[in-house]
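Asker:
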Amino acid sequence: MQIEKNKDGNNLDVKLIGRLDTTTSPELEKELGESLAGVTRLVFDVSELAYISSAGLRVLLSAQKTMNSQSGSMVIRHASDEIMEIFEVTGFTDILTIEND
Amino acid sequence: MKKKTSIQRSTVHMIVVVSLLLSIVFLAVASFFFVRELTGVYSDMEMAVTGAAAEAVAPEDLRKLALECNEIFRSLKDPITEYETDRETYLSHFKGVEESELYKEVWQKLNEERKPTGVTSLDYVLLFPEWNIGIYIMDTSDVNVLPCGEIFTIQETFYYRCMMLGIDLSAYSDKFRQSLAIYGEEPGRDFDGFISYSTTYHEVWTDGRAICIDTHKGVYGYLMADIPINEVQLHAIIYLLQVAGVSIVLTFFICLFLGRRTDRIIVEPIREISSKADQFVESYELRADTRDETHIFEEIHTERVRITELYELALSLQSMEMEMNSYLRDLDTMINDRARINTELDIATRIQTSMLPSVFPAFPDRQEFDLFASIKPAREVGGDFYDFFLVDDDHLAIVMADVSGKGVPAALFMTVSRSMIRNRTEHGGTPAEILTNVNDSLCEQNMGDMFVTVWLGILTISTGEIIASNAGHEYPVVYGSNGKYELIKDKHGLACSAMKGVRYHDYTLTIPAGGRLFLYTDGVPEATDVNECLFGTDRMVEALNDSEAENPEETIEAVHEAIVKFVGNAEQFDDTTMLSLWYRGAEKNDGGKGMKELRVEAKIDNLAAVQDFVGGFLEEMGCDMKTQLSIDIAVEEIFVNIASYAYGDAGGDAVIKVEPEDGGAAITFVDTGVPYDPLAKEDPDITLSAAERQIGGLGIFMVKKSMDDMRYERKDDQNILTIVKKFA
Chain Z
3 MQIEKNKDGN NLDVKLIGRL DTTTSPELEK ELGESLAGVT RLVFDVSELA
53 YISSAGLRVL LSAQKTMNSQ SGSMVIRHAS DEIMEIFEVT GFTDILTIEN
103 D
Chain G
786 MKKKTSIQRS TVHMIVVVSL LLSIVFLAVA SFFFVRELTG VYSDMEMAVT
836 GAAAEAVAPE DLRKLALECN EIFRSLKDPI TEYETDRETY LSHFKGVEES
886 ELYKEVWQKL NEERKPTGVT SLDYVLLFPE WNIGIYIMDT SDVNVLPCGE
936 IFTIQETFYY RCMMLGIDLS AYSDKFRQSL AIYGEEPGRD FDGFISYSTT
986 YHEVWTDGRA ICIDTHKGVY GYLMADIPIN EVQLHAIIYL LQVAGVSIVL
1036 TFFICLFLGR RTDRIIVEPI REISSKADQF VESYELRADT RDETHIFEEI
1086 HTERVRITEL YELALSLQSM EMEMNSYLRD LDTMINDRAR INTELDIATR
1136 IQTSMLPSVF PAFPDRQEFD LFASIKPARE VGGDFYDFFL VDDDHLAIVM
1186 ADVSGKGVPA ALFMTVSRSM IRNRTEHGGT PAEILTNVND SLCEQNMGDM
1236 FVTVWLGILT ISTGEIIASN AGHEYPVVYG SNGKYELIKD KHGLACSAMK
1286 GVRYHDYTLT IPAGGRLFLY TDGVPEATDV NECLFGTDRM VEALNDSEAE
1336 NPEETIEAVH EAIVKFVGNA EQFDDTTMLS LWYRGAEKND GGKGMKELRV
1386 EAKIDNLAAV QDFVGGFLEE MGCDMKTQLS IDIAVEEIFV NIASYAYGDA
1436 GGDAVIKVEP EDGGAAITFV DTGVPYDPLA KEDPDITLSA AERQIGGLGI
1486 FMVKKSMDDM RYERKDDQNI LTIVKKFA
């Protein structure tokens, strides 16, 4: 799991590469906990995310809740078919803003 | 340093000095007695001459001559002064008597008596004690015949002159004095042995025989015989010279004889012995190299040595040489023995090491585990050993042991212990039972109070479970599901062969798939650096955790490197023996049906191993990527669930079985944790907004949604959950 963060003022771009599973989710959770304060726009680039399990979904959900609470927005970008299917199955497509080209 | 003299020379010196001293004493004593005898002989001879003369001549003739001369002398007014002033006139008074026929006849007779003897002069004298003088009536002698009337003095100085001549006449002094006294007080008696003085012969030995004594008329006529003292002296000197000459010659010959004898009896053997000793010393260096025997002292002809002390010396040297030879022989044997023992020890080490399984990989056809072991013996043959062998298809026995002591006995005891453990293990039973039996057998044989610490474990290959028992051995190290090596402080029993009847206890270790076991002997923690510091188990575990080993061999290499680095230049005293087992987990093939099984500890750390296991199986089956991903996620959700909730804090295993089913795969999860049916759980409401959505329950929901079938069963206290997914 690789996390590439890019902060530009109140904008935070996070690129997730690899597998977001039970063992790697705590790492992302920790990173976000440190960086989300004051962020009004959070963008996840998941184009190179190969795998996400419920643990990863929980982190994304938690991030969405944080952004909601600080009146910011969160966007998921470039989700692959496989990832999209998971989002769909779990109803995450309804609660996350997903922008695909 | 004092000058050294040979025995021969000093002996001769001593003999010469002693014999000269003895000669002088002997000569002195002998000459004393000789002179005494000699003068006695002279006295006797003189008395015999005078006696004979007195008989040869008619007494009245002698008397007549004495009276005539006495009358003439006494008729003179002052005869002594006249003699001193005008000797011719004085003597002319006696011419008448001297020229008478009687005088000449008597003279002839006396002279005839004298001649055949050694007496120089036979005189007929008259003594006049009142004047301390005497006159010659006649003097028979060969030369210097004194005329009639010639005066002579009686002098005491004769006596002293005798003394000055070196002839001790003190014994005669009394007699001399007596003789002198006779003149004055008791004239008329014979006298002998006094010294008088003659102008011709100087000191003479004189004896007198009273011939014509008339005290009333004052006539004292004596026949006196003289033998010159120098003749006596001459005899004595000749005698002494002869004796001295003889004794010198004798001394010379005695010295010569003794010298030769000393030379032959003492000096020669000593020289021989000493030259042999030199030879012996000279050959020392040569001998030290070749260790040849010597026969140097043996050559001494002891039968010729007649001096006890030298004979004993020679014998001692010979026996010393013999001892030396036998010592050299022993030394030779000893050195050979030592070399042989060293070689044998080397061979023993090689045999010992070669008896241990040393071909790796030891079980190339077993994918479930990999193991490696190494033994690095210290200076001598040690008692460490390891062993591993398959008891049956599903059980691997692992032994790590250390025999007390070093050298050949330890190696032998090790061989016995090893085969005993192996044989007993192959008969079945738990490690505790095996060790209990082995201990009793070893104790019965009572092998020289030796003992052996043993760690014996039997791994069930299909489950990763190890039943182990520890007889006084070091703690095992296990790399478990937490991804770290840890010392397992198991319960120790007593070392085997220490005491009969000891009961050992089993305990269980579970090695998860990807788990490892590390065993070692005390040589590892007790490796010592130059500061006498021990390597210790902490450093050992640290080295294990730090290592980036990718297989058991590299694991052992890493620990060994750490030891070498730690020890530095200090010598390694104990063997270091290590065994590393990497358990990959069992992938069971269920008799051709294509079923595979993995048993792991239910820990989140093992997730990757479980996913790899399932993923590998799916790939083999040709599963598509998308299906694989959803199964992958499902496996995670279920396994994480079991790992998180099934066992609480206690922990336990999970078994994952995969098998093909209906154009897809069926994956079954078995755990022995708390009963839990995930299907019974209500699905989360996915229509709720983000703020309302609950965190839990999502995983199982995802599984339900993505899998084609899902079955739960509670059976034999096990949760059995199966998911089925068809391939696209």
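Protein sequence lines, in the order shown, are assigned to chains Z and G. Residues 3 to 103 (the working numbering) are what the first sequence spells out, left to right. Residues 786 to 1513 (the working numbering) are what the second sequence spells out, left to right. Built from N, CA and C at the ideal position, the CB exists for glycine as well. Predicted model, so just to flag it, every value in this text is computed and none were measured.
Distance check for HIS798 (chain G) and LYS1090 (chain G), CA to CA, integer angstroms please.
Answerer: Lys is not the amino acid found at residue 1090 (chain G); the sequence shown has Val there. Distance between the alpha carbons of VAL1090 (chain G) and HIS798 (chain G): 24 Å.
Asker: Name the DSSP beta bridge partners of TYR909 (chain G), please?
Answerer: Paired residue(s): G:MET923, G:LEU1008.
Asker: Going by C-alpha to C-alpha distance, which of G:MET1235, G:LEU1319, G:PHE1174 sits closest to LEU1279 (chain G)?
Answerer: It is G:MET1235.
Asker: Run the CB neighbour count on PHE1038 (chain G), radius 10 Å, all protein chains shown included, and call it buried at 16 or more, exposed below.
Answerer: Classification for PHE1038 (chain G): exposed.
Asker: Along chain G, in chain order, which residues have C-beta atoms closer than 8 Å to that of GLN66 (chain Z)?
Answerer: Within chain G, the residues near GLN66 (chain Z) are ALA1475.
Asker: So SER816 (chain G) and LEU1025 (chain G) are in contact, right, with Cβ under 8 Å, and what is the actual spacing, rounded?
Answerer: Correct: roughly 6 Å between the Cβ atoms.
Asker: Tell me which residues share the same chain as MET1406 (chain G) and place their Cβ nearer than 7 Å to its Cβ, disregarding the 5 neighbours each side in the sequence.
Answerer: Same-chain partners within the cutoff: PRO1445, ALA1450.
Asker: Do you know offhand how far ASN102 (chain Z)'s Cα is from ILE78 (chain Z)'s?
Answerer: Whole-angstrom Cα-Cα distance: 8 Å.
Asker: Is any beta-carbon of chain Z found at less than 7 Å from that of VAL1425 (chain G)?
Answerer: Output row for VAL1425 (chain G): interface = yes.
Asker: Going by other Cβ atoms of all chains shown within 10 Å of its Cβ, with 16 needed for buried, is ASP1409 (chain G) buried or exposed?
Answerer: Burial call: exposed.
Asker: Counting only C-beta atoms, is VAL91 (chain Z) closer than 7 Å to chain G at any point?
Answerer: At least one chain G Cβ lies under 7 Å of VAL91 (chain Z).
Asker: DSSP state of ASN13 (chain Z), grouped into three classes?
Answerer: Reduced to three states, the DSSP call for ASN13 (chain Z) is strand.
Asker: Per the DSSP calculation, LEU852 (chain G) is bridged to which residue(s)?
Answerer: Answer is none; LEU852 (chain G) lacks a bridge partner.
Asker: Got a sec, what are the start and stop residues for the beta strand (DSSP E) ALA1182 (chain G) sits in?
Answerer: It spans 1180-1188 - the beta strand (DSSP E) in which ALA1182 (chain G) sits, taken as one unbroken run.
Asker: Pick out whichever of G:SER1266, G:LEU1364, G:ARG1324, G:GLU1211 has its Cα sitting closest to the Cα of LEU1302 (chain G).
Answerer: Among G:SER1266, G:LEU1364, G:ARG1324, G:GLU1211, the Cα nearest to that of LEU1302 (chain G) is on G:LEU1364.
Asker: So with Cβ pairs under 7 Å, would you call LYS1466 (chain G) a contact of chain Z?
Answerer: No, LYS1466 (chain G) does not count as interfacial toward chain Z.
Asker: My output table needs one value for ASN1391 (chain G): the three-state DSSP class, helix, strand or coil.
Answerer: ASN1391 (chain G) falls in the helix class under three-state DSSP.
Asker: If you measure between the beta carbons of VAL910 (chain G) and MET1009 (chain G), is that distance less than 7 Å?
Answerer: In contact: VAL910 (chain G) and MET1009 (chain G) (Cβ atoms closer than 7 Å).
Asker: Taking C-alpha atoms, which residue in G:THR1093, G:SER1104, G:ARG1072, G:LEU1071 lies nearest to GLU1084 (chain G)?
Answerer: Closest option to GLU1084 (chain G), Cα to Cα, is G:SER1104.
Asker: Are any of the Cβ atoms in chain G nearer than 7 Å to that of THR26 (chain Z)?
Answerer: No, its Cβ sits nowhere closer than 7 Å to a Cβ of chain G.
Asker: Starting from the Cα of LEU93 (chain Z), find the closest Cα among G:ILE1051, G:THR1093, G:LEU1473, G:ARG859 and give me that residue.
Answerer: Checking the sequence, you will find Gly at residue 93 (chain Z) rather than Leu. When each option's Cα is compared against that of GLY93 (chain Z), the closest is G:LEU1473.
Asker: Just to confirm the assignment, what range does the alpha helix (DSSP H) spanning GLU1342 (chain G) have?
Answerer: Here the alpha helix (DSSP H) through GLU1342 (chain G) covers 1337-1352.
Asker: Along chain G, which residues have their Cβ under 7 Å away from the Cβ of ASN12 (chain Z)?
Answerer: None at all; the shortest Cβ gap to chain G is about 21 Å.
Asker: Can you look up PHE879 (chain G) in the DSSP assignment and give me helix, strand or coil?
Answerer: If DSSP states are grouped into helix, strand and coil, PHE879 (chain G) belongs with coil.
Asker: Report the rounded CA-to-CA distance for TYR1264 (chain G) versus ASP1390 (chain G), giving the unit in angstroms.
Answerer: Each residue's alpha carbon lies about 12 Å from the other.
Asker: When the distance is taken between beta carbons, is GLY934 (chain G) closer than 7 Å to ILE918 (chain G)?
Answerer: In this structure, GLY934 (chain G) does not lie closer than 7 Å to ILE918 (chain G) by Cβ.
Asker: Does GLY1436 (chain G) come out as helix, strand or coil in the three-state DSSP assignment?
Answerer: Of the three classes helix, strand and coil, the one that applies to GLY1436 (chain G) here is coil, per DSSP.
Asker: I'd like to know whether the C-beta of ILE97 (chain Z) is nearer than 7 Å to at least one C-beta of chain G.
Answerer: ILE97 (chain Z) counts as touching chain G.
Asker: GLU84 (chain Z) versus chain G: which residues are under 7 Å apart at the beta carbon?
Answerer: LYS1411, LEU1414, listed in chain order.
Asker: What residues of chain Z sit near GLU1422 (chain G), judged by a beta carbon separation below 9 Å?
Answerer: Result: THR24, SER55, SER56, ALA57.
Asker: Taking the C-alpha atoms as reference points, what is the distance between VAL1201 (chain G) and ILE1243 (chain G)?
Answerer: Roughly 20 Å separates the two Cα atoms.
Asker: Note down, one range per segment and in chain order, each beta strand (DSSP E) of at least 3 residues found wholly within the segment 1214-1261 of chain G.
Answerer: Taking only runs of at least 3 residues, the beta strand (DSSP E) segments lying wholly in the segment 1214-1261 of chain G are 1237-1245, 1250-1256.
Asker: Decide yes or no for the touch test of the segment 1337-1355 of chain G against the segment 1279-1299 of chain G: beta carbon pairs closer than 8 Å, at least 3 of them.
Answerer: No contact exists between the segment 1337-1355 of chain G and the segment 1279-1299 of chain G.
Asker: Any C-beta of chain Z sitting closer than 7 Å to the C-beta of LYS1510 (chain G)?
Answerer: It does not: the Cβ of LYS1510 (chain G) has no partner Cβ on chain Z nearer than 7 Å.
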